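Trainee: Below is one structure. I have some questions about it.
Chains as they are written, first to last, in full-length UniProt numbering: chain A, 1 to 503; chain B, 1 to 503.
Here it is as C-alpha cells:
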C-alpha cells in the first residue's frame, strides 16, 4: 500500500483557473441568490475542506425556475425556432465546452475528486461529443405520413413534451448534465435541472456557457440544492411535464411514486446496478484482468454500470484472482489534480463510510480478502482498492450496490447456470462477457437481461449508443435516437380530404 | 424597359475578394495542371469577357482522380475513421464556408451572373447548412437487427457504396456541390466531381476549404472540364461505383444509357422540369402574382423546378395576367455585383440564344405577348423578362423547358381536368398550388405527379427536404435522409448462433 508520506509530497496545484466563479442559481437567464438566502458548502473530497459556498435552492426557487421554464416554453421564442436553429445553438455550446475544456476538467476534478487526466479525456470530451451529436439531431427527427384507410391525410408530428425536470448525480456531473440537456434541447423542451449537492460547480460553469451560446432566457435553468427539499418539490411540480432522474434505485422508486402526485408525468430513470462480468474459460487472462479492473475501479468504483460481480470460470479462477488482486493494489491514490493519480477519493465522507461498511460485511460473511480491506487513514475520503474472492451469491457484497473500489470474484463452471445467476438480481443495467468463441458470445449476450452488454470490452460510452436498464436499474434509454424520444410527444393528425382525391 | 445608358453607368467593383485564386485541378489533395496541359476560359456573363483561364481535365486527369479516390476509399484512413470524425470534418467545412461566405458569394455572382445579394441571402446559407446538416447525419446512419426465424443473429450494415462520380450544373454551383458532397462524405464515400464548364470557380475555392478542414487526400477530387470528354469518361469509368448527375434530361438519359459500359453503376439523376403552378379561383391574386413570379423568374429562370406552366383559373385570369406582366417588367437587369440588380444575365451566349429561340417560337405559334419579347441589345447575356398569355397546351413554349425568364400563362376552369393537363408532361419535378381551400389543396397535391409540391409558396429549399423528380425529371431524391441512401449499400449479415441461445 502507499505510504502516507507520498501523499504529503504531492503538490496541490491551484492556478487562477481553479477559482469557481459561479456559485449562484441560474433562473430565467439570470444569476440569482436563493429566495431565502440559504447557501451550502461543497467539499473538496481530497482536502476534506470546503471549496466554496453555493446558493441553495429552496422550494420558492424551484417555483421560480419552473415558471421561467414554463413561460419560455409556452410563450418564448424557443418554441418558434426551427430545429436547425436549435441545433446551431447546441453546436455553439459544444464548441464553447471544447474551448473551455481545461477549466472544466479542473473544476470537475476539484469538486468530484476524479483524476484530472480522466476528466479531460473522458468527461469533457464525451460531453462535447454529446452536445454535438444532439445538435445534429435537432433538424432530423421526423414524423410519418401514414396510408390510413379512408379519405384522410394522416400523419404524426413529433412535438417537444414541454418542461423537463432533470436531476443529475455526482459521479460524472458534466457528462450527466450533457446526457440530459442535449436531447431535451434538441427536442425543443425547456429544462429545470437540479444538480447533486456534492458536485454543483461544473454545471454552473456550463450554465455560463449556455448563456454565452445564446440560448433564450428560461430555456435552461440550473439549481444547486438538495434532493429532499428542492428535488422532491421539483419532481411533483404541476408545471413540469417530464421527469428524468439519474441516481440511486431507492430515490428513483421514490420519484416514481411521488412524481405523479399532482398530475401525470412522463418519467425516465437511470438507477443502480450490480452488473455481472462473465470471464469464460477461453479468455486471455492478462487482457481479462485489465478489463475487469477497469470495469470495476474506474472512477473509484462510482459507476452505475460497474462490473461488481465477476463470474470467473473455474479453469482460470485461481490465476485470475491472484493477478486481479495484484493489479488492484497498484492503484496510485492521490489528489485528482495530480496527473500521477489513478484513483481519487470517494465523493464524500458518507460514501466512504458506506463502502467501508460493505468491506466489513464482506469480511464478516466469509469472503476472502485478497487485497485492501484496511480502513484508510489520513486526509481525503479514500477507500483502498479491495478485492474479495470466494464470494457466494447470497453474500451482501454480491447483492447490494457498493459504488466503491471493491471487487467481488465469484466462481462458475456451467454457462447456462451462470446466465441464471447473473440474472438473479433486481438490477439489469449492464453486463460483460469475455470470450473468443462466437457461439458462446451470442449464447451469453442473448441470455443476459441487461440494458448494455459489453463483449470483450467494458465502459464504452458514446452519444450514439443507447444506455439504460432492465428491471430496477431504470426505465427508458438515454443516448441515440431513443434519448431524443424521451423528450418528444407524438401528435397524430387526421385531416379529412375530399372524395375525389387520390389516397 | 431599361435604357442602355443605365447599364453603362453601373460601376463594376472587383475588390481583391473577387480575384479567383484557384484555377487548377484538385486531385489527391494536390493542386495540379491537367496532364495534357489544356485550359479553357470561364466567361463573365455580364462583360462577356473571360474572367480567367482554368485547367481543363482530360481523360488522363479523370483516370488520375478516379485512381486517387479509389485508393483513398480502399486503403486510406477515410474508410477507418469513425462516423463521428467524418461528421466533424463536414461541420468544419460548413463553418469554413460560413466564414468565407463573402468571398464565395462574390465569386459565384461573378462566374454565374446571379445577383450577389441573392448569392449572399440564399445560395451561401443553404450551402453551409447543407454541409452542417449532413455533418450531423454521419454518426446516425444505422442498420437494423432483425428477428429472423432460425438460430441466427441477423442484422444489416449500411456501408459506403465506394467511389462516387458527381457531375454538377452551372445554375447553383456552390449549392449543387454541397447537395452532392454532403451526403456522399457523410456516408463515407470518396468523390470525383466534375463541375460545369460555365462555372468552375467557386467549387475550386471550396476545395481549398476542404483541404483546410482536414479531409484526407483523395477523398474529394475536383475537375474543371467539359461534359463531352471528361464528364462522359468519368460517368463510364470502370472504377466508379456510383454516378450522380444534375443537368439536362437529354444528357441525363445519355448517362443512364452509357453508365453501365464500364460495369454496373448505381445512378441518380436530377434533370429538367416543366413544372405546373396552379392558381385557383380563391387565390389572393396579389399573393399569387408574387408567388408565381418568384417561381418562374428566380435565378434568371434558370431553375430546374421553375413553375413554367402557370394554370390560372378563368375567374381571375385577366387580372392575374395583367398584374404578372406589370410585375415582371419591373425587374432591374444589371451587374450582379450591383446591389440594385434583381435580374442578372443568363449564364452564357448559348443559353441566351436558346431562350431567345423559344421567345420567337412563342410569338410565332400565337401566344399573346404581354411583357418583354424584344431581343436584348447591349453587353451581357441578358434576356428581358417575358410574359406570354393565352398559351395553349400544345405550343412549344408549353412543352419544352426554356430555362430562362419566360413565363407561360394558361387558362383552366375544371380541377380534375387541370390535374390531367398538369400531369400530361414527360417531366415531374415540381408543382405549385395556390388556394385557401383545404380540400382543394389535398385534391390537387395528391393528384399531381411531381417530386415536390408547393402549396401557397414556391422554391422553398432546405437540406431537410427531399428533392427530386418523377418520370423524366430524374431518379432518386437528394437531401433529407433519402439523400444519404444514394451513397450507401446495405449488407445483410446472418450469423449462426448456438442451439440453446435465446432468439
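Where is the CB? At the ideal position from N, CA and C, for every residue including glycine.
Predicted model, so just to flag it, every value in this text is computed and none were measured.
For the alpha helix (DSSP H) containing residue 129 (chain B), list its first residue and its last residue.
Mentor: 124-137 is the extent of the alpha helix (DSSP H) around residue 129 (chain B).
Trainee: For a contact meaning CB atoms closer than 8 Å, what does residue 135 (chain A) contact in chain B?
Mentor: By Cβ distance, chain B contributes 136.
Trainee: Using the C-alpha atoms, what's the distance from residue 329 (chain B) back to residue 14 (chain B)?
Mentor: Below a pLDDT of 50, predicted positions are generally treated as unreliable, and residue 14 (chain B), at 46, falls in that range; no measurement from the model is reported.
Trainee: Below 7 Å on C-beta distance, what does residue 133 (chain B) contact in chain A?
Mentor: Simply 139.
Trainee: Measure the C-alpha to C-alpha separation of residue 248 (chain B) and residue 231 (chain B) and round it to an integer number of angstroms.
Mentor: Their backbone Cα atoms lie some 13 Å apart in a straight line.
Trainee: Can you grab the Cα-Cα spacing for the pair residue 70 (chain B) / residue 196 (chain B), in whole Å?
Mentor: When rounded, the distance between both Cα atoms is 23 Å.
Trainee: Less than 8 Å between C-beta atoms, sequence neighbours within five positions excluded: which residues of the same chain meet that for residue 110 (chain A)?
Mentor: 18, 20, 44, 51, 201, 336 and 337.
Trainee: Applying a beta-carbon distance threshold of less than 8 Å, which residues of chain B neighbour residue 416 (chain A)?
Mentor: Ordered by position in chain B, the residues that pass the 8 Å Cβ test against residue 416 (chain A) are 500.
Trainee: When you compare only the Cα positions, how much space is there between residue 2 (chain B) and residue 340 (chain B)?
Mentor: Confidence is the limiting factor: at residue 2 (chain B) the pLDDT is only 39, short of 50, which leaves the residue's position unreliable and the question unanswerable from this model.
Trainee: Return yes when the Cβ of residue 230 (chain A) is within less than 8 Å of the Cβ of residue 180 (chain A), no when it is not.
Mentor: Their beta carbons are not under 8 Å apart, which means residue 180 (chain A) does not touch residue 230 (chain A) by this criterion.
Trainee: What residues are listed by DSSP as bridge partners for residue 369 (chain A)?
Mentor: In the DSSP output, where bridge partners are listed per residue, residue 369 (chain A) has A:388.
Trainee: Identify the contact partners of residue 149 (chain A) in chain B, using a Cβ-Cβ distance below 9 Å as the criterion.
Mentor: Here the premise fails: no neighbours, minimum Cβ distance about 15 Å.
Trainee: Find the residues of chain E that neighbour residue 153 (chain A), judging by a C-beta separation of less than 7 Å, and give them in chain order.
Mentor: Protein chains in the displayed structure are A and B, and chain E is not among them.
Trainee: Within 10 angstroms of its Cβ, does residue 114 (chain A) collect 16 or more other Cβ (buried), or is it exposed?
Mentor: It counts as buried.
Trainee: Can a CB atom of chain A be found closer than 8 Å to the CB of residue 153 (chain B)?
Mentor: Output row for residue 153 (chain B): interface = yes.
Trainee: With residue 323 (chain A) and residue 285 (chain A) assumed to form a contact (beta carbons below 8 Å), what rounded beta-carbon distance in angstroms separates them?
Mentor: About 7 Å; that satisfies the 8 Å criterion.
Trainee: Sort out for me which residues DSSP pairs residue 430 (chain A) with in a bridge.
Mentor: The partner list for residue 430 (chain A) (beta bridge, DSSP) reads A:452.
Trainee: Name the residue from A:435, A:373 and A:347 whose alpha carbon lies nearest to the alpha carbon of residue 291 (chain A).
Mentor: Nearest option by C-alpha distance: A:435.
Trainee: Quick check: the segment 225-241 of chain B against the segment 50-67 of chain B, are at least 3 beta-carbon pairs closer than 8 Å?
Mentor: Counting Cβ pairs under 8 Å, three or more are found: they touch.
Trainee: What's the C-alpha gap between residue 178 (chain B) and residue 130 (chain B)?
Mentor: Spanning the two alpha carbons is a distance of roughly 6 Å.
Trainee: Just the chain B side, please: which residues come within less than 8 Å of residue 498 (chain A) by C-beta, in chain order?
Mentor: Going along chain B in sequence order, the residues near residue 498 (chain A) (Cβ under 8 Å) are 439, 440, 442 and 443.
Trainee: So, at 7 Å on beta carbons, what are the nonlocal neighbours of residue 215 (chain B) in its own chain, with the 5 sequence-adjacent residues on each side left out?
Mentor: If we look at residue 215 (chain B) and ignore the five residues flanking it on each side, its Cβ neighbours are 89.
Trainee: What is the DSSP secondary structure of residue 391 (chain B), counted as helix, strand or coil?
Mentor: Looking at residue 391 (chain B) - three-state DSSP - the assignment turns out to be coil, as it is neither helix nor strand.
Trainee: Nearest to residue 132 (chain B) by CA position, among A:125, A:415, A:86 and A:252, is which residue?
Mentor: Nearest option by C-alpha distance: A:86.
Trainee: From the beta carbon of residue 435 (chain B), is the nearest beta carbon of chain A less than 8 Å away?
Mentor: For residue 435 (chain B), the answer is no, since every Cβ of chain A falls outside 8 Å of its Cβ.
Trainee: Starting from residue 507 (chain B) and walking both ways along the alpha helix (DSSP H), at which residues does that stretch end?
Mentor: This structure leaves residue 507 (chain B) out entirely; chain B is present only between 1 and 503.
Trainee: Taking the DSSP output, what are the residues bridged to residue 324 (chain B)?
Mentor: Residue 324 (chain B) is not bridged to any residue.
Trainee: Whose C-alpha, out of A:69, A:402, A:312 and A:321, is nearest the C-alpha of residue 185 (chain A)?
Mentor: Of A:69, A:402, A:312 and A:321, the residue nearest in Cα terms is A:69.
Trainee: Give me the chain A residues within the contact set of residue 468 (chain B), using Cβ-Cβ distance strictly less than 7 Å, ordered along the chain.
Mentor: Ordered by position in chain A, no residue passes the 7 Å Cβ test against residue 468 (chain B), which lies about 17 Å from the chain.
Trainee: Spell out whether any CB of chain A is found under 8 Å from the CB atom of residue 449 (chain B).
Mentor: With 8 Å as the cut-off, residue 449 (chain B) does not count as an interface residue toward chain A.
Trainee: What do you get for residue 32 (chain B), buried or exposed, if any count of 16 or more other CB atoms within 10 angstroms of its CB means buried?
Mentor: Answer is exposed; the Cβ neighbour count stays below 16.
Trainee: I'd like the list of long-range same chain contacts for residue 311 (chain A), defined as Cβ closer than 8 Å, with 5 residues on each side in sequence excluded.
Mentor: Cβ neighbours of residue 311 (chain A) beyond the five flanking positions: 276, 277, 278, 279, 410, 411, 412, 418, 421 and 422.
Trainee: Report the three-state DSSP secondary structure of residue 405 (chain B) (helix, strand or coil).
Mentor: In this structure, residue 405 (chain B) counts as coil in the three-state DSSP scheme.
Trainee: When DSSP labels each residue in this structure, what does residue 395 (chain A) get in the three-state scheme?
Mentor: If DSSP states are grouped into helix, strand and coil, residue 395 (chain A) belongs with coil.
Trainee: Tell me whether residue 77 (chain B) is buried or exposed, calling it buried when 16 or more other Cβ atoms sit within 10 Å of its Cβ.
Mentor: Counting Cβ neighbours within 10 Å, residue 77 (chain B) comes out exposed, since fewer than 16 surround it.
Trainee: Can you give me, in chain order, the residues of the segment 59-87 of chain A that have a beta carbon less than 8 Å from any beta carbon in chain B?
Mentor: The residues in question are 83, 84 and 87.
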